[in-house]
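Below you'll find the structure, written out as C-alpha cells, and then a few comments.
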Amino acid sequence: MAAEAAPAVAAEGSATAASTRGDAEGGATRERPADAGRDTFTFMGTGTSEGVPRVSCLTRTPVECEVCARAALARPGTPLEAGGCRDRRGNTGAIVRRWSEEHGRHLVILIDCGKLWWESAIELFPRLGVDRLDAVVITHGHFDAMGGLDSLRDYTRPPVMSDGDTLPVYVDDETFAVVDRSFPYLTDTGKATGGGDVPTLSFRRFRAGEPFAVAPTDVTFTPYWLQHGPPGNPLNYCNGFRVGDIAYASDVSAVPAAARALFDGARTVVMDCLWLKPEAHPSHYGLEQALEEHGRGYRAPRGAEGGAEGEGEGDFKGDEGAGAAAGGAAAGASTWLVGFNHTVSHDETEAAIVARGIDNCRLAYDGLTIDVDFADAAT
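Numbering (the UniProt record's numbering), first residue to last: 1 to 379.
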C-alpha cells in the first residue's frame, strides 16, 4: 500500500511589504508585498449553501452537533495553534491571485460570490492583502454561488474603483437569466430604487467548452458543464473550470464524457464532497463518489515532478496531514475536497482517508492557499 502523501500546499508568508514601488493605477506609491511574483489560489469557502456552523444546531439544548459546536468557537481560517477550527466553512468559492509587475500588485479574480462571501472576505482579504477585485467568475445560478453579488458595491466605488469604471462579472447565459430575475437592478441600473446606489457591474458571457481570458489578468478559464442535479433540467448543472494547472469542480453529481478533458493534465483537482454517506446525493458527490473520481488517476501532467511544497508559514501553516512534503514524482493529480455539510469533521475525515491508504487526496479548508501555474493549461 502506498505511503500517505498530501497535496501541495503553498508556503504562505505575511502580506507585509518588503519594498515599495509606484502604482501603475494612478501613480500612488504602494507597498510591494512579500509574496510578489507568486500566483496563488485560496479556498475562500469550503461549505454548503448554509455554511458551517448551522444556527439551528447551536440553538438546540443540549447542543448535539459536535462539528457545529467546534466551528462556532473559531474564526474561519485561524491557525490551529491559535485555537482555530477547520470545520468552520463559508460558501464554496475561491480567490485567484496573479502577480502583475505592470500593476505592481496581485490581480484578483473571485470565483463565486455566494450569500456568505462577505463574512469570508472580512477574514481573508486583510490577510491576503486583497484591497480590490479585478473580476468575478460565477459557476452557476444558485444563491450559494451568486447570492452575494449585491455586496460587491463596496468594490465598485471610489477609492477602490474610479467613477465610471465597472467590475466585470463572467457568467453563462443561464446564470445571467437567474441574476436578471433575482437582481434586476444589477443587470439594468435603471431599475434601481431608493438612492440608486448599486454595484456597477458589467456582465460578460461565456459558453461551455470555449476558453475565455479574464481581463485585465489574462488568466484563461476553460468552462465545462458538470451535472449538478437530476438530468433533464437545464438548471441542474454547474460550470467546472480549468484554470492553469487547476481543475475546479465545486458542485457536481456526475461528470459528462464531454467534460472529462477538464481533468486531463491537471496538477490539482478541486472536487465536490457533500457528506460521508456511501449513497450519492441527487446534486452532489459524497465522499465515496469523490474518492472514486480521484482514483481514476487523471492523466498525469507531462514533466510533473515533486510532491508537496512543504509546510506553510504564518497564518497558512500546515500540520502533518495537510502540509508535509510528499517526496518523489507526482503519480497524478492531487485532489482537494470541498463543499462539506455540517456532518463532516475535517480532522476525523482526513484521518479516515489516510487510514484507507489513499494518496494525495485531502480536505480543503477556508483560507487554505496553494500555488497555481497559469502557463499549464488543459491540452
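All residues carry an ideal CB built from backbone N, CA and C; glycine is no exception. Bear in mind that the values here come from a model prediction, so they are computed numbers and not experimental data.
Sort the options by Cα distance to residue i and report the nearest one.
{"i": "Val-252", "options": "Asp-112, Val-338, Arg-105", "result": "Val-338"}
{"i": "Asp-39", "options": "Leu-58, Arg-97, Thr-175", "result": "Arg-97"}
{"i": "Phe-43", "options": "Cys-68, Thr-59, Glu-50, Ile-109", "result": "Ile-109"}
{"i": "Arg-242", "options": "Pro-211, Thr-217, Asp-134", "result": "Pro-211"}
{"i": "Cys-113", "options": "Gly-367, Gly-148, Ala-215, Glu-102", "result": "Gly-148"}
{"i": "Val-67", "options": "Thr-61, Ala-74, Pro-53", "result": "Pro-53"}
{"i": "Ser-162", "options": "Thr-189, Gly-141, Asp-134, Asp-188", "result": "Asp-134"}
{"i": "Gly-265", "options": "Arg-70, Ala-375, Ala-215, Ala-145", "result": "Ala-375"}
{"i": "Thr-217", "options": "Glu-350, Ala-261, Asp-366, Gly-104", "result": "Gly-104"}
{"i": "Ala-261", "options": "Met-271, Pro-234, Gly-209", "result": "Gly-209"}
{"i": "Thr-343", "options": "Thr-59, Gly-45, Cys-65", "result": "Cys-65"}
{"i": "Arg-132", "options": "Val-160, His-142, Gly-295", "result": "Val-160"}
{"i": "Ala-49", "options": "Leu-116, Ala-213, Phe-263", "result": "At residue 49 the sequence reads Ser, which differs from the Ala that was named. Considering only alpha carbons, the answer is Leu-116."}
Tell me, please, which residues DSSP counts as bridged to residue i.
{"i": "Pro-168", "result": "Ser-202"}
{"i": "Trp-225", "result": "Asn-239"}
{"i": "Ile-95", "result": "Thr-42, Leu-110"}
{"i": "Arg-362", "result": "Trp-336"}
{"i": "Gly-47", "result": "Asn-91, Phe-340"}
{"i": "Val-270", "result": "Tyr-248, Trp-336"}
{"i": "Arg-105", "result": "Ser-100"}
{"i": "Glu-123", "result": "DSSP output for Glu-123 lists no bridge partner at all."}
{"i": "Ala-254", "result": "Gln-227"}
{"i": "Val-219", "result": "Val-214"}
Output the distance between the C-alpha atoms of residue i and residue j, rounded to the nearest integer angstrom.
{"i": "Lys-277", "j": "Gly-286", "result": "7 angstroms"}
{"i": "Asp-35", "j": "Ser-100", "result": "12 angstroms"}
{"i": "Val-219", "j": "Ala-247", "result": "14 angstroms"}
{"i": "Arg-302", "j": "Asp-373", "result": "Because the pLDDT at Arg-302 is just 41, under 50, the model does not fix this residue reliably, and the value given afterwards should be weighed accordingly. About 14 angstroms."}
{"i": "Arg-86", "j": "His-346", "result": "6 angstroms"}
{"i": "Trp-118", "j": "Val-137", "result": "16 angstroms"}
{"i": "His-106", "j": "Val-178", "result": "31 angstroms"}
{"i": "Asn-239", "j": "Arg-362", "result": "22 angstroms"}
{"i": "Tyr-365", "j": "Gly-232", "result": "33 angstroms"}
{"i": "Tyr-170", "j": "Arg-207", "result": "10 angstroms"}
{"i": "Phe-176", "j": "Ala-257", "result": "25 angstroms"}
{"i": "Glu-350", "j": "Thr-335", "result": "12 angstroms"}
{"i": "Cys-57", "j": "Gly-47", "result": "16 angstroms"}
{"i": "Ser-283", "j": "Asn-236", "result": "8 angstroms"}
{"i": "Gly-37", "j": "Asp-371", "result": "11 angstroms"}
{"i": "Glu-293", "j": "Gly-244", "result": "20 angstroms"}
{"i": "Leu-274", "j": "Pro-62", "result": "25 angstroms"}
{"i": "Gly-195", "j": "Gly-357", "result": "59 angstroms"}
{"i": "Lys-191", "j": "Asp-197", "result": "11 angstroms"}
{"i": "Glu-123", "j": "Ile-95", "result": "13 angstroms"}
{"i": "Glu-31", "j": "Gly-129", "result": "10 angstroms"}
{"i": "Ala-82", "j": "Asp-150", "result": "With a pLDDT of only 47 at Ala-82, under 50, the local geometry of the prediction cannot be trusted, and the value read off the model is given with reservation. Taking the straight line joining both Cα atoms gives about 33 angstroms."}
{"i": "Asn-91", "j": "Val-354", "result": "26 angstroms"}
{"i": "residue 388", "j": "Leu-73", "result": "Because residue 388 is not part of the residues shown, which for the chain are 1 to 379, the question remains open."}
{"i": "Asp-272", "j": "Asp-188", "result": "33 angstroms"}
{"i": "Glu-288", "j": "Glu-348", "result": "15 angstroms"}
{"i": "Phe-143", "j": "Pro-158", "result": "27 angstroms"}
{"i": "Leu-152", "j": "Met-146", "result": "11 angstroms"}
Which of the three DSSP states is assigned to residue i in this structure?
{"i": "Ile-138", "result": "coil"}
{"i": "Thr-369", "result": "strand"}
{"i": "His-346", "result": "helix"}
{"i": "Arg-296", "result": "coil"}
{"i": "Tyr-155", "result": "helix"}
{"i": "Ser-182", "result": "helix"}
{"i": "Phe-212", "result": "strand"}
{"i": "Ser-162", "result": "coil"}
{"i": "residue 382", "result": "Nothing can be reported for residue 382: it is not among the residues displayed for the chain, which extend from 1 to 379."}
{"i": "Pro-53", "result": "coil"}
{"i": "Glu-64", "result": "coil"}
{"i": "Glu-288", "result": "helix"}
{"i": "Thr-189", "result": "helix"}
{"i": "Asp-150", "result": "helix"}
{"i": "Phe-176", "result": "helix"}
{"i": "Arg-302", "result": "Note that Arg-302 scores 41 on pLDDT, short of 50, meaning its location in the model is unreliable; the coordinates nonetheless yield the value given after this. Of the three classes helix, strand and coil, the one that applies to Arg-302 here is coil, per DSSP."}
{"i": "Trp-275", "result": "coil"}
{"i": "Arg-260", "result": "helix"}
{"i": "Leu-58", "result": "helix"}
{"i": "Asp-197", "result": "coil"}
{"i": "Asp-131", "result": "coil"}
{"i": "Ala-375", "result": "coil"}
{"i": "Ala-71", "result": "helix"}
{"i": "Ala-145", "result": "helix"}
{"i": "Ala-351", "result": "helix"}
Since I believe residue j is in contact with residue i (beta carbons under 8 angstroms), could you give me their beta-carbon distance rounded to a whole number of angstroms?
{"i": "Ser-202", "j": "Thr-166", "result": "4 angstroms"}
{"i": "Thr-156", "j": "Pro-126", "result": "20 angstroms between Cβ atoms; not a contact."}
{"i": "Ala-71", "j": "Arg-88", "result": "4 angstroms"}
{"i": "Glu-102", "j": "Gly-141", "result": "Their Cβ separation, rounded to whole angstroms, is 34 angstroms, which puts Glu-102 and Gly-141 out of contact at 8 angstroms."}
{"i": "Val-270", "j": "Ala-249", "result": "6 angstroms"}
{"i": "Gly-45", "j": "Gly-93", "result": "5 angstroms"}
{"i": "Ala-280", "j": "Tyr-224", "result": "Their Cβ separation, rounded to whole angstroms, is 20 angstroms, which puts Ala-280 and Tyr-224 out of contact at 8 angstroms."}
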